[in-house]
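Top to bottom, those sequences are chains A and B. Following this note's numbering, the numbering of the first sequence begins with 42 at its first residue and continues without gaps. Following this note's numbering, the numbering of the second sequence begins with 42 at its first residue and continues without gaps. Idealized CB from N, CA, C, for every residue including glycine.
There are 2 protein chains.
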Amino acid sequence: MNEFWSRRTCVILTGASKGIGQCLAVEIGKLLVPESTIVLMARDTNGLEKTKEMVNKENSDILVEYYSVDFYNSNATMFEKIVEPIDSTKYELFLLIHNAGSVGNLDHLAADMNDPDEWNKYMLLNLYSVTCLTSVFLSKFNSDTAERCIVNITSLLGIEPFKSVGYYCVGKASREMFFRVLALENPTLNILSYSPGPVLTDMYTNISLNSKDEVVREQFTSGQQKQYIVKVEDTCQKLVNILAMRSYKTGGRVDYYDK
Amino acid sequence: MNEFWSRRTCVILTGASKGIGQCLAVEIGKLLVPESTIVLMARDTNGLEKTKEMVNKENSDILVEYYSVDFYNSNATMFEKIVEPIDSTKYELFLLIHNAGSVGNLDHLAADMNDPDEWNKYMLLNLYSVTCLTSVFLSKFNSDTAERCIVNITSLLGIEPFKSVGYYCVGKASREMFFRVLALENPTLNILSYSPGPVLTDMYTNISLNSKDEVVREQFTSGQQKQYIVKVEDTCQKLVNILAMRSYKTGGRVDYYDK
């Protein structure tokens, strides 16, 4: 087994009730050595329970815990309570994966994104909760010997604009920049922004049905697009391998389709 | 005189009470043809009054108006009231320049940026008010014949992370992405993100005195850095020329130091 995944690991994973997050939990769970822990967060308790069952079915030697969290209303105190019971002396690797996210109000094209409250709602989930949990993670797990790794699930749309999903583009761009600054300020951290490629998640379906741009709707459902669709297992496997290979510069980004 | 600046123009300029904004108002004012209008916005009324005097001293043939605006508490209704009296049939060019901005709380390194309220405060000024004013501008000035141009004053730090100014980096990155999406969705708009280079503004002085990173403080005040400092008149002149030459792709960015 690879050196990266052969250590007693504490994983914290958001957006773990479905889609990429659920699959990531399973793929990572398969690799974890005994006495490792996965802490799952999302809003949907049923989904979290299902993810826990899926992980433990593959690997019963690890502890899986889950917490229902409303990231629209999260703050440092809330995250501190979640990590408080974790005995940080037990682990050799702390891995935080920010997967939770939303596409934003699809009724608004950029010219209509004029409501500070709508903006704040979007950024609470997609940026502020991310920086908040990161801050708590770094305070709590502050050992000189254990490695600290943070994965920011991002998108091609964090670096390339795309019609009709302005909130999403801005949210992903802002998250990537936050982690680039964090990496620069903290050279001992291991930080990766990973873009999983186009996966057929609920978010993908939502855009294909509800985008205000007809061309985008057609593109998302076109036969041509199908060749680019990535299987959720494949992209999770790829991320797991990228972490194992350490084939990136901290603070940098890797896309599923990068060579 | 150049074609771009030879039209009856209505300019809306934020952050116009000092620094780059004040100088931009003067440099643009020099070029504007009679019956043009400049609408200045900022919080500081005295500064706005001074800018108005400076502009009219150079060119008494144009109308200069100003409004004290608190961008931390702005919304669409507030901006609608400001543009409401403007007779949009009079102009051939509508130019909106988003120059207002702040560096953010310098007490927080990225690992400490964990307060949603602090984040919201920052983004209200640096992103939400910008999108809000843009939206009002596009609704109000919606002629088939007049050109609409939007300039987003950005920074190298919108594309390159920099220690100790995480809010600023994230704010500028998010603004640039917003305008890239807006440009993609609205091909008839003329949109430029302009990075003025390191100018000795109050913001520059603030970072050089108060950055939490000692190396940054030293760098900002070093003799070596002095050679890169840009004179405020030079960068404003450069922006005015770039607009005149149309030497950019809409939605793109130009830095003062670009060849």
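Going straight from the alpha carbon of residue i to that of residue j, what length do you get?
{"i": "Lys93/A", "j": "Leu233/B", "result": "49 Å"}
{"i": "Asp156/B", "j": "Glu76/B", "result": "47 Å"}
{"i": "Asp128/B", "j": "Gln63/B", "result": "24 Å"}
{"i": "Asn231/B", "j": "Thr50/B", "result": "14 Å"}
{"i": "Tyr269/B", "j": "Asn146/B", "result": "25 Å"}
{"i": "Arg48/B", "j": "Tyr132/B", "result": "8 Å"}
{"i": "Gly88/B", "j": "Ala57/B", "result": "8 Å"}
{"i": "Asp153/B", "j": "Ser176/A", "result": "6 Å"}
{"i": "Thr291/B", "j": "Lys122/A", "result": "47 Å"}
{"i": "Glu201/B", "j": "Leu198/A", "result": "18 Å"}
{"i": "Asp254/B", "j": "Lys213/A", "result": "26 Å"}
{"i": "Tyr289/B", "j": "Tyr235/A", "result": "31 Å"}
{"i": "Val240/A", "j": "Ile103/A", "result": "28 Å"}
{"i": "Lys204/B", "j": "Val211/B", "result": "12 Å"}
{"i": "Leu166/A", "j": "Glu188/B", "result": "37 Å"}
{"i": "Val74/A", "j": "Val271/B", "result": "56 Å"}
{"i": "Ile69/B", "j": "Leu54/B", "result": "10 Å"}
{"i": "Arg221/A", "j": "Gly293/A", "result": "7 Å"}
{"i": "Ser109/B", "j": "Val124/B", "result": "13 Å"}
{"i": "Lys300/A", "j": "Leu168/A", "result": "28 Å"}
{"i": "Ser321/B", "j": "Val105/A", "result": "Given a span of 42 to 300 for chain B in the structure shown, any question on residue 321/B remains unanswerable."}
{"i": "Met82/B", "j": "Ser215/B", "result": "22 Å"}
{"i": "Ala224/B", "j": "Leu284/A", "result": "36 Å"}
{"i": "Ala151/A", "j": "Pro126/A", "result": "43 Å"}
{"i": "Tyr297/B", "j": "Leu65/B", "result": "14 Å"}
{"i": "Leu137/A", "j": "Ile194/A", "result": "11 Å"}
{"i": "Ser184/B", "j": "Thr130/B", "result": "8 Å"}
Between residue i and residue j, which are expected to be in contact by the criterion C-beta below 8 Å, what is the C-beta distance as a whole number of angstroms?
{"i": "Lys59/B", "j": "Asp243/B", "result": "7 Å"}
{"i": "Phe112/A", "j": "Ala141/A", "result": "6 Å"}
{"i": "Ile61/B", "j": "Val273/B", "result": "6 Å"}
{"i": "Val67/A", "j": "Met95/A", "result": "5 Å"}
{"i": "Phe45/B", "j": "Arg287/B", "result": "7 Å"}
Using DSSP with H/G/I as helix, E/B as strand and the rest coil, what is residue i?
{"i": "Ala83/B", "result": "strand"}
{"i": "Phe203/B", "result": "coil"}
{"i": "Glu125/A", "result": "coil"}
{"i": "Leu54/B", "result": "strand"}
{"i": "Phe135/A", "result": "strand"}
{"i": "Arg49/A", "result": "coil"}
{"i": "Asp243/A", "result": "helix"}
{"i": "Asn193/B", "result": "strand"}
{"i": "Asn282/A", "result": "helix"}
{"i": "Asn227/B", "result": "coil"}
{"i": "Tyr289/B", "result": "coil"}
{"i": "Leu73/A", "result": "coil"}
{"i": "Leu147/B", "result": "coil"}
{"i": "Asp296/B", "result": "strand"}
{"i": "Val271/B", "result": "strand"}
{"i": "Ile103/A", "result": "coil"}
{"i": "Ser109/B", "result": "strand"}
{"i": "Ser236/B", "result": "strand"}
{"i": "Thr130/A", "result": "helix"}
{"i": "Glu44/B", "result": "coil"}
{"i": "Thr186/A", "result": "coil"}
Using a Cβ-Cβ cut-off of 9 Å, state whether residue i counts as contacting chain A.
{"i": "Lys204/B", "result": "yes"}
{"i": "Ala141/B", "result": "no"}
{"i": "Pro239/B", "result": "no"}
{"i": "Gly292/B", "result": "yes"}
For a cutoff of 9 Å on Cβ pairs, would you count residue i as touching chain B?
{"i": "Met244/A", "result": "no"}
{"i": "Asp254/A", "result": "yes"}
{"i": "Gly145/A", "result": "no"}
{"i": "Gly199/A", "result": "yes"}
Measuring only from the beta carbon, is residue i closer than 8 Å to any heavy atom that is part of the ligand SAM?
{"i": "Lys290/B", "result": "Judged by which ligands are present, the structure shown has none, so any question about the ligand SAM falls away."}
Given a limit of 7 Å on CB to CB distance, which residues of the stretch 208 to 231 of chain B reach chain A? Cys210, Val211, Ala214, Ser215, Met218, Phe219, Arg221, Val222, Leu223, Leu225, Glu226 and Asn227
Near-chain B residues of the stretch 109 to 136 of chain A - C-beta to any C-beta below 7 Å: Asn116 and Ala117
Near-chain A residues of the stretch 164 to 196 of chain B (beta-carbon distance less than 9 Å), N- to C-terminal order: Met164, Leu165, Leu168, Tyr169, Ser170, Thr172, Cys173, Leu174, Thr175, Ser176, Val177, Leu179 and Ser180
Anything in the stretch 149 to 164 of chain A with a Cβ closer than 7 Å to a Cβ of chain B? List those residues in chain order, please. Under the 7 Å Cβ criterion, the stretch 149 to 164 of chain A contributes Leu150, Ala151, Ala152, Asp153, Met154, Asn155, Pro157, Trp160, Asn161 and Met164.
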